[in-house]
Amino acid sequence: MSNTERTLSIIKPDALERNLEEEIKTLLIKNNLKIKDSKKIHLSKDEAAEFYKVHQSKPFYNDLCAYLSSGPIIAMILEGENAVSLYRRIMGATDPKKAEANTIRKIYGISIDKNSVHGSDSFDNAKKEIDFFFKN
Ligand code: ADP
Ligand code: MG
Numbered sequence: 166m167s168n169t170e171r172t173l174s175i176i177k178p179d180a181l182e183r184n185l186e187e188e189i190k191t192l193l194i195k196n197n198l199k200i201k202d203s204k205k206i207h208l209s210k211d212e213a214a215e216f217y218k219v220h221q222s223k224p225f226y227n228d229l230c231a232y233l234s235s236g237p238i239i240a241m242i243l244e245g246e247n248a249v250s251l252y253r254r255i256m257g258a259t260d261p262k263k264a265e266a267n268t269i270r271k272i273y274g275i276s277i278d279k280n281s282v283h284g285s286d287s288f289d290n291a292k293k294e295i296d297f298f299f300k301n
């Protein structure tokens, strides 16, 4: 049975700064994910804090919010068969050093904090995160 899903992807500031938008988008499309919507946005620190609030108890929270709001990002709605888990696989592990070969983070990630992309971790969070960027 088919299971078409949508998930949220972000090209983070480190990757956008290195002009990797088109390369990353091409890689997503080659891996059977359709880009249904895409926009460039520069979040304020407060907006980044809202987006990452699940991590508010973590020691890296403040740096993470400062980083995500440090420059423009690309937010995208991806659609495909099992898109949430498919995109997590294509994205690779949080720490680029631990990411599998040919994943986005392995190819482009600089470090655990500058790991080039975000991806929703569940179907429910994907819905919430898509709404965060694309409602209205
Ligand atoms: P993922 O992005 O793979 O879902 P998490 O949700 O655990 O990972 O963390 C959110 C983001 O916070 C990561 O993408 C990374 O940029 C940052 N991060 C996670 N763990 C650390 C850490 N130990 N030190 C610094 N930054 C971290
Ligand atoms: Mg996460």
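Quick note, our numbering runs 165 ahead of the 1-based positions in the sequence shown. Backbone N, C-alpha and C define an ideal beta-carbon position, used for all residues, glycine too. Computed from a predicted structure; not experimentally measured.
_Measuring only the C-alpha atoms, how far is isoleucine 206 from glycine 236?_
Sequence index remark: in the sequence shown, residue 206 carries index 41 (1-based). Sequence index remark: in the sequence shown, residue 236 carries index 71 (1-based). Taking the straight line from one Cα to the other gives about 9 Å.
*asked:* Am I right that leucine 173 and leucine 208 are in contact with their C-beta atoms under 8 Å? What's the rounded C-beta distance?
replied: For this step, residue 173 is matched to residue 8 along the sequence shown. For this step, residue 208 is matched to residue 43 along the sequence shown. The pair is not a contact, with the Cβ atoms about 13 Å apart (cut-off 8 Å).
*Count the other CB atoms within 10 Å of the CB of valine 249; is the residue buried (16 or more) or exposed (fewer)?*
Start at 1 with the first residue of the sequence shown, and residue 249 comes out as number 84. With 16 or more other Cβ atoms within 10 Å, it is buried.
*Could you check how far apart the C-beta atoms of alanine 240 and cysteine 230 are, in whole angstroms? I think they sit under 8 Å.*
The residue labelled residue 240 in the question sits at position 75 within the sequence shown. The residue labelled residue 230 in the question sits at position 65 within the sequence shown. Their Cβ separation, rounded to whole angstroms, is 16 Å, which puts alanine 240 and cysteine 230 out of contact at 8 Å.
*Sub-9 Å separation of tyrosine 252 and leucine 185 beta-carbons*: On the sequence shown, position 87 is the one that residue 252 refers to. On the sequence shown, position 20 is the one that residue 185 refers to. Against a cut-off of 9 Å, the Cβ pair of leucine 185 and tyrosine 252 comes out as no contact.
*From Thr191, Glu246, Ile242, Lys195, residue whose alpha carbon lies closest to that of methionine 166*: Here the question's residue 166 lines up with position 1 in the sequence shown. Among Thr191, Glu246, Ile242, Lys195, the Cα nearest to that of methionine 166 is on Glu246.
*asked:* Tell me the residue span of the alpha helix (DSSP H) that contains serine 203.
replied: As a position in the sequence shown, residue 203 is number 38, starting the count at 1. It is not in any alpha helix (DSSP H) - serine 203 instead sits in the beta strand (DSSP E) that spans 199-206.
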